[in-house]
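J.: If you scroll down you'll find the structure; I have some questions about it.
Following this line, the structure appears as structure tokens:
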């Protein structure tokens, strides 16, 4: 799909909303006059107006009625206020794409009185074009419409269509929250490197290049993480000592438990808890 003829609006110019707006602006899918972004912050609007990537609005009634696809990129706790404000302006043909964690399709349908909703779960690496977004749509969203949405989501990396919203919550625990797990592990390795006497810069190079190289190896070959670990580790060697220490401290189970904690919390948010 080379070009999306529909007009796209992003509501909310925070980290994720702006990331998707910029991703779509840099792609060949949309031209400038077909991409709009709305935010209530006067400071944000002033900054965005200096960028010639999209049309910027500070009044929702000036952009929402003319939009065909609307990305909802506000904080989940703002949705009731947002729904109250925009529900009189929406129509049944508009497609709403949610980037909000824990907000169900039904909540959006009921809140806006519409049917065409796509729920997605992006992640932070979308900011550098390396994101992964899982998504699923209400039955009222056609295959063609869902393909258009997927092409827009792909402007920040890759996307995967999942069967239902349970997998959206599950992907929250893996890809959505996952970058924080990686940073947690990196932070621990950085602290260890500094304690061993490396400079801050050398520590950063050692850790970042190790992660980048390991991911590249994993992506280029069809080998499991266990196989790669065995290739690095030798009996009685240094790597085996490290892996044995992790096994002794139950690190693998702790990581899986953390992912499930994020998953469970996503479910709770969807239930309004």
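Residue numbers (this note's numbering): 1122 to 1394.
Glycine included, C-beta positions come from ideal geometry on N, C-alpha and C.
Keep in mind it's a predicted model, so treat the numbers as computed, not measured.
(1) Would you mind giving the Cβ-Cβ distance between residue 1252 and residue 1194, rounded to the nearest angstrom? I have them listed as a contact below 8 Å.
(2) If residue 1132 sits next to residue 1192, beta carbons under 8 Å apart, how far is it from one beta carbon to the other, in whole angstroms?
(3) Pick out the complete beta strand (DSSP E) segments inside the stretch 1209 to 1261, 3 residues or longer, and give them in chain order.
(4) In whole angstroms, give me the CA-to-CA distance for residue 1163 and residue 1183.
(5) Can you tell me where the beta strand (DSSP E) holding residue 1157 begins and where it ends?
(6) Would you list the residues sitting across from residue 1177 in a DSSP beta bridge?
(7) Using the beta-carbon count (16 or more within 10 Å), is residue 1377 buried or exposed?
(8) Which residues mark the beginning and the end of the beta strand (DSSP E) in which residue 1392 is found?
(9) Could you give the distance in angstroms between the alpha-carbon of residue 1140 and the alpha-carbon of residue 1247?
(10) Excluding five sequence neighbours on each side, which residues of the same chain lie with their C-beta closer than 7 Å to the C-beta of residue 1204?
(11) Starting from the N-terminal side, write out each stretch of the alpha helix (DSSP H) that is 4 residues or longer and does not extend beyond the stretch 1323 to 1372.
(12) Among the candidates 1207, 1263, 1273, 1201, whose CA atom is the shortest distance from the CA of residue 1156?
(13) Report the three-state DSSP secondary structure of residue 1139 (helix, strand or coil).
(14) Any contact of the stretch 1165 to 1172 with the stretch 1219 to 1229, i.e. 3+ C-beta pairs under 8 Å?
(15) Is the beta carbon of residue 1295 less than 7 Å from the beta carbon of residue 1387?
(16) Can you grab the Cα-Cα spacing for the pair residue 1179 / residue 1339, in whole Å?
(17) Under a three-way DSSP split, which group does residue 1318 fall into?
(18) Return helix, strand or coil for residue 1263, following the three-state DSSP convention.
T.: This is what the structure holds:
(1) Actually they do not touch by this definition, with Cβ atoms about 13 Å apart.
(2) 7 Å
(3) 1216 to 1219, 1238 to 1242, 1252 to 1258
(4) 16 Å
(5) 1156 to 1159
(6) 1158
(7) exposed
(8) Element bounds for residue 1392: n/a, residue is neither H nor E.
(9) 7 Å
(10) 1232, 1233
(11) 1346 to 1353, 1359 to 1369
(12) 1273
(13) helix
(14) no
(15) no
(16) 45 Å
(17) coil
(18) coil
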